[in-house]
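Here's the structure, in structure tokens; my notes come after.
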Amino acid sequence: MSKLNTEMTGAPAIAMTGKKAIEIVGKDAIEVIGRKADAFNVPETPPIPPYTNTSYLSIGSAANAGHFETDSLNMSPSESFSYSYWIKVPNISTSYTNALYTTIHDGTRDQYNRLEPFQHQFRGNSSNYIALGGSYIKFSSNYDTGNWVHIVVTWSNANVTSSTSITSSLLLSNTTLYINGAWSQLHSPAGTASLTGASLLDKFRIGDAVTSYIEPSFSISDIAIWKGTELSSTQVSEIYGTGTPDNIRAIANMPTPTRYYLFEDATDPNYEEISQSSLGTSSNGTITSY
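Residues -12 to 277 in this note's numbering are what the sequence shown lists, from first letter to last.
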């Protein structure tokens, strides 16, 4: 090392202080002492916050509807998106009026007074629907009512530009539904296209979507929404895991959700984990321990 120890006059000196330390002393000094970082001071990946799964959000009652809704997501069909949640619903078999809705809406309503344009409608029978504007498709798979079920819906922006008409055939080809980690068949495309790839998909909401009707009560936990990401079947399987909610951010190579609600803060049912702030609204909901 003595051959490398060169004395420099009128220039910054470099001194090595321990295995993981570099000290540059001079006019433009950079000091990195005892840290696992390089001379450019690149930060390490922040630690994953602790995860708990002790409570969920209970919504609605036999007499009053309720909902949970995020803040603005400002999405459109020209970009991919995915959402995931754990839900428990009662045994139902109903029409659109009293179905359980997951919507991504812009505040407008269709001719049946339902929030639109994206609707994921669970009726508890063989006529469950996913709609995007006037186009719709069906799924016949029922949830295991009375028990916790994991739901994922993904949308691919393949072949969708801002001017693309969202037809029922495009809705069928670009939408995927998973129930408890397994692919669930979508079928029977119908309806008349009323949206383009530029249409606004703004606020994610579950429950309380139809004016003047009471939707079923339900329990919800671990809502995750990805703007710009279509989850793969492998990623969905990893989120489902062993059949109980777990920390999505601890899964290797999993994209960070845009919004992530765990409902672990008893004082704030709208607490969002990524921003660590209150984002969204809820109605007739109660944080409940398992």
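Note that the Cβ used here is the ideal one computed from N, Cα and C, for glycine as well. Since the model is a prediction, treat every value here as computed from it, not as a measurement.
Near residue i, what residues of its chain come up, given a Cβ to Cβ distance below 7 Å and the 5 sequence neighbours on each side ignored?
i    : result
L218 : S69, V139, T141
S152 : A180, T183
A16  : For A16, the predicted structure reports a pLDDT of 42, less than 50, and the residue's modelled location is therefore unreliable. The matter cannot be settled from this model.
S149 : S65, T183, G184, A185
T154 : S122, A180
N257 : S265, L266, G267, T268, S269
N85  : Y200, I201, E202, P203
Report the CB separation of residue i from residue j in whole angstroms; it is logged as a contact under 8 Å.
i    : j    : result
P232 : S208 : 6 Å
A177 : S65  : The pair is not a contact, with the Cβ atoms about 23 Å apart (cut-off 8 Å).
L60  : I117 : In fact, because the Cβ distance is near 18 Å, the residues do not count as touching under 8 Å.
F55  : G194 : 7 Å
E260 : Y247 : 4 Å
K75  : G133 : 7 Å
L182 : L119 : 6 Å
V223 : G272 : The pair is not a contact, with the Cβ atoms about 26 Å apart (cut-off 8 Å).
Using CA coordinates, which residue listed in the options is at the minimum distance from residue i?
i    : options                : result
Q106 : E259, I210, T162, V223 : T162
L188 : T179, T198, G215       : G215
S114 : T90, R96, T243, S80    : S80
N40  : L182, E259, F250, S270 : F250
P104 : L158, A52, P77         : L158
S71  : S48, S122, G228, S127  : G228
Y88  : Y99, R192, S127, V147  : R192
S171 : S220, G53, Q98, D255   : S220
Considering only residues of the same chain and omitting the five flanking positions on each side of residue i, which have a CB-CB separation below 6 Å?
i    : result
W73  : W135, H137, S208, D209, P232
R101 : A196, V197
R236 : I35
D93  : L187, D189
S127 : S113
Does the beta-carbon of residue i have 16 or more other beta-carbons within 10 angstroms, so that it is buried, or is it exposed?
i    : result
P37  : exposed
I46  : buried
T57  : buried
G267 : buried
A145 : exposed
Y130 : buried
T245 : buried
T243 : exposed
S279 : Only positions -12 to 277 of the chain appear in this structure, which leaves residue 279 out of reach.
T254 : exposed
From what residue to what residue does the beta strand (DSSP E) around residue i run?
i    : result
V136 : 136 to 142
A177 : 173 to 178
E56  : 54 to 62
Q108 : 102 to 109
Could you give the first and the last residue of the continuous alpha helix (DSSP H) run that contains residue i?
i    : result
N115 : Note, N115: premise wrong, no alpha helix (DSSP H); beta strand (DSSP E) at 115 to 119.
N161 : 155 to 161
Y227 : 220 to 227
So, for residue i: in the same chain, excluding its five sequence neighbours on each side, which residues have a beta-carbon less than 8 Å away from its beta-carbon?
i    : result
S175 : I124, K125
E225 : I238, M241
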